[in-house]
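> Sending over a structure as structure tokens; questions will come in a sec.
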Amino acid sequence: MNKSNILYLPLKKKWFNMIVSGIKKEEYREINDYWTKRLVETEGNLIDGFTFKDFDYIEFTLGYPAADNTDARARFKFAGIEKAAG
């Protein structure tokens, strides 16, 4: 079995529920050292001076659930990363 490359993002209940229901279509992260280490590659899709990692899926979690708690997880096909203007 081929292991998928998954980006895990824990969220608070409000944001998790909005994503699961389809109200919230995007998730944002501040550009800082922590997120740069998780999201930026040295090779790949160069966008505004950033080369972002590619993932197969993005999995939003309600906080940090147990591995078998499927109700607190929502997985979507990864659609890419964009750097916001500003």
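Sequential numbering from 14 applies to the sequence shown in this note's numbering. Just so you know, even glycine gets a beta-carbon here, dropped at the ideal spot from N, CA and C.
#1: Could you give the DSSP three-state label for residue 32: helix, strand or coil?
#2: Going by DSSP in three states, residue 41 sits in which element: helix, strand or coil?
#3: For residue 68, list the residues DSSP reports as bridge partners.
#4: Cα separation between residue 63 and residue 70?
#5: Mind reading off the beta-carbon distance from residue 74 to residue 21? Whole number of angstroms is fine, and I expect it under 8 Å.
#6: Could you spell out the range, first to last residue, of the beta strand (DSSP E) harbouring residue 47?
From the atom records:
#1: Residue state for residue 32 is assigned as helix, using DSSP reduced to three classes.
#2: It is coil, neither helix nor strand.
#3: Beta-bridge annotation (DSSP): residue 68 is not paired with any residue.
#4: Using only the alpha carbons, I get a separation of about 20 Å.
#5: The C-beta separation of residue 74 from residue 21 comes to about 6 Å, placing the pair in contact by the 8 Å criterion.
#6: Where residue 47 is concerned, there is no enclosing beta strand (DSSP E), although the alpha helix (DSSP H) it sits in stretches over 46-52.
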